[in-house]
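Heads up, the sequence shown is in the working numbering, so the first residue is 383 and it goes up one at a time.
Shown next, in structure tokens, is the structure this report addresses.
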Amino acid sequence: MANKKSRNVSVIEELSRGFTQRDVPEAYMDDPDLRRAYGAYFGEVGLEKGAALSREIRNLRRPCFGGKDRLSMVDLGSGTGEFARGLSEGLLPEVAGGIDLLCVDRSREALKELSARWVRPAQISLRIRPCLLPDSDDLFDEVETVDVLSMANLLAENEDRLSGFLDLLAGFLERLSPEGLMVLVEPADRLSSRALLGLGDRLLDLSPDLHILAPCPNDRRGPCPSLSSPDGWCHEDRPVTFSQSLTRTAATLGHIKDSLKMTYLLLARPLPGTEEPGPPSLRLVSQLHKEKGLSWGIFCNGSSLVRLRLLNRYRNDGTRAFARLRRGESILDPGLSSLGSGGPPESFVDWPAGSSLVGWLRSDGTPWDLSREEE
Numbered sequence: 383m384a385n386k387k388s389r390n391v392s393v394i395e396e397l398s399r400g401f402t403q404r405d406v407p408e409a410y411m412d413d414p415d416l417r418r419a420y421g422a423y424f425g426e427v428g429l430e431k432g433a434a435l436s437r438e439i440r441n442l443r444r445p446c447f448g449g450k451d452r453l454s455m456v457d458l459g460s461g462t463g464e465f466a467r468g469l470s471e472g473l474l475p476e477v478a479g480g481i482d483l484l485c486v487d488r489s490r491e492a493l494k495e496l497s498a499r500w501v502r503p504a505q506i507s508l509r510i511r512p513c514l515l516p517d518s519d520d521l522f523d524e525v526e527t528v529d530v531l532s533m534a535n536l537l538a539e540n541e542d543r544l545s546g547f548l549d550l551l552a553g554f555l556e557r558l559s560p561e562g563l564m565v566l567v568e569p570a571d572r573l574s575s576r577a578l579l580g581l582g583d584r585l586l587d588l589s590p591d592l593h594i595l596a597p598c599p600n601d602r603r604g605p606c607p608s609l610s611s612p613d614g615w616c617h618e619d620r621p622v623t624f625s626q627s628l629t630r631t632a633a634t635l636g637h638i639k640d641s642l643k644m645t646y647l648l649l650a651r652p653l654p655g656t657e658e659p660g661p662p663s664l665r666l667v668s669q670l671h672k673e674k675g676l677s678w679g680i681f682c683n684g685s686s687l688v689r690l691r692l693l694n695r696y697r698n699d700g701t702r703a704f705a706r707l708r709r710g711e712s713i714l715d716p717g718l719s720s721l722g723s724g725g726p727p728e729s730f731v732d733w734p735a736g737s738s739l740v741g742w743l744r745s746d747g748t749p750w751d752l753s754r755e756e757e
């Protein structure tokens with residue numbers, strides 16, 4: 383058993399190196415050892431990401447999907463299926479009639495294994511479709527209307543096919559229901575993040591009524607400000623508890639697995655009469671840095687970035703919570719007038735004197751709790 387475990391860890395290490403160096407074999411999901419190792423390690427991470435995003439969707443949208451009775455869902459690049467499982471099972475409580483899920487991947491063996499091993503809730507029906515993405519062939523014939531289109535980690539593994547994936551997603555955008563969502567996720571590295579953010583910008587260009595439901599604040603409809611810098615990118619870092627098995631494997635490999643790190647976009651069209659614009663807000667898109675005499679972070683309003691700081695000598699009961707902010711949390715805009723035109727801010731902007739900090743949303747779309755104890 384020890385040798386078997388050691389072999390599995392070695393295969394996980396091989397896969398991890400391949401993902402980092404962008405040289406993982408194209409057909410790695412057809413290899414039983416690689417597929418098993420992927421599911422045991424990366425699959426658990428994918429499951430948690432799908433579940434986390436399903437919770438965020440449910441928190442942000444009331445009613446979800448306009449109160450539809452049954453959803454049509456397509457997951458592109460499903461692999462061993464954990465992301466699609468986490469997302470679909472998490473959304474299931476919102477739809478009384480259930481979910482019709484189509485999983486698409488180049489690996490027929492991975493899809494067959496997903497179908498055989500997933501003990502699905504009775505309300506989720508599953509179809510599988512082998513397809514070499516982004517070549518769609520007759521994929522669009524499989525569904526007339528899509529309520530949820532999800533895609534995870536495909537751009538990172540197909541950097542030379544980005545234009546093909548834009549065409550593929552544009553085709554599904556034409557089939558997206560009025561209350562539908564696109565859920566796009568990539569790893570938290572600069573290249574993958576920039577690829578996804580750039581793809582999101584192109585989709586917004588193609589469909590003027592589309593907006594970013596999350597994570598961007600203020601219903602972003604224009605270019606991502608992080609991309610105005612050649613080194614800029616944006617990612618989420620969300621608390622999570624993984625299994626002991628995964629954390630032991632991670633420790634053996636020298637990985638740190640104490641949070642969900644990802645770049646993601648939830649794209650949607652506004653639901654008529656149900657989504658009133660919220661007040662102007664700022665989202666913390668960096669760590670909150672605590673230095674001698676001050677705290678600061680980079681905040682985004684959906685079109686510009688600002689390096690906002692609070693000097694300790696100006697801390698008071700109204701601003702004390704600034705030092706407790708975490709990446710991904712949003713606060714109401716205190717009335718800043720000095721936001722630039724985008725890109726990494728070159729200088730600090732001070733918190734406006736006399737303005738109190740008002741929490742808006744936590745990273746998962748729930749109200750931000752200002753009573754949280756200071757660390």
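The beta-carbon is built from N, C-alpha and C at its ideal position, and this holds for glycine as well.
When the five nearest sequence neighbours on each side are left out, the beta carbons in the same chain lying within less than 7 Å of the beta carbon of Arg437 are those of Gly472 and Asp746, in order along the chain.
Annotation: Tyr420 to Arg557 spans about 32 Å, alpha carbon to alpha carbon. Bounds of any beta strand (DSSP E) do not take in Gly604, whose DSSP letter is neither H nor E. Within its own chain, the residues whose Cβ lies closer than 8 Å to the Cβ of Pro590, once the five positions on either side in sequence are excluded, are Arg603, listed in chain order.
Around the beta-carbon of Ala478, fewer than 16 other beta-carbon atoms lie within 10 Å, marking it exposed. Taking 9 Å as the cut-off, the Cβ atoms of Glu568 and Leu531 do not count as close.
Taking a cut-off of 8 Å on C-beta distances, the stretch 536–554 does not touch the stretch 481–498, as fewer than three cross pairs fall below it. Exclusion of the five residues before and after Leu442 leaves Leu595, Ala596 and Gly747 as the residues of its chain whose Cβ lies within less than 7 Å of its Cβ. In the assembly as shown, Ser574 is a buried residue. Its beta-carbon has 16 or more other beta-carbons within 10 Å. Under the three-state reduction of DSSP output, Ile638 falls in the coil class, being neither helix nor strand.
Runs of the beta strand (DSSP E) spanning 3 or more residues and lying entirely within the stretch 557–631 occur at 558–569, 593–596 and 618–621, in chain order. For Thr402, the closest of Pro607, Asn540 and Asp601 by C-alpha to C-alpha distance is Asn540.
Ranked by Cα distance from Leu642, the first of Gly636, Glu618, Ser663 and Leu653 is Glu618.
Within the stretch 497–562, the complete alpha helix (DSSP H) segments of 4 residues or longer fall at 544–557, listed in chain order. Comparing alpha-carbon positions, the option among Phe424, Glu408, Val501 and Ser559 lying closest to Arg452 turns out to be Ser559. Here Asp715 is near Pro662, since their CB atoms are less than 9 Å apart.
Excluding sequence positions up to five before and after Glu561, its CB lies within less than 6 Å of the CB of Phe447, Gly448 and Leu653, all in the same chain and listed in chain order.
One Cα belongs to Pro621, the other to His637, and the distance between them is close to 16 Å. Nearest to Ser470 by C-alpha distance, out of Ile394, Arg418 and Leu563, is Leu563. With a 10 Å radius around the Cβ and a threshold of 16 neighbouring Cβ atoms, Val688 comes out buried. Here Arg452 carries a strand assignment [DSSP, helix/strand/coil]. A distance below 7 Å between beta-carbons, with the five flanking residues on each side excluded, links Thr629 to the following residues of its chain, in chain order: Lys639. Taking C-beta atoms as the reference points, Arg417 and Glu526 fail to come closer than 9 Å. A direct Cα-Cα distance of roughly 30 Å separates Ile506 from Arg744. CA-to-CA, the gap between Asp523 and Ser454 works out to about 14 Å.
Collapsing the DSSP output to three states places Gly463 in coil.
Beyond the five residues adjoining it in sequence on each side, Cys513 comes within less than 8 Å, by CB distance, of Val486, Asp487, Arg488, Asp519 and Leu521 in the same chain, given in chain order.
Within the same chain, Cβ atoms closer than 8 Å to the Cβ of Gly582 are found at Leu566, Ile594, Cys606, Leu647 and Leu649, the five residues on either side in sequence being excluded. Beta-bridge partners of Lys672 (DSSP): Ser677. Less than 9 Å separates the beta-carbon of Gly700 from that of Leu739.
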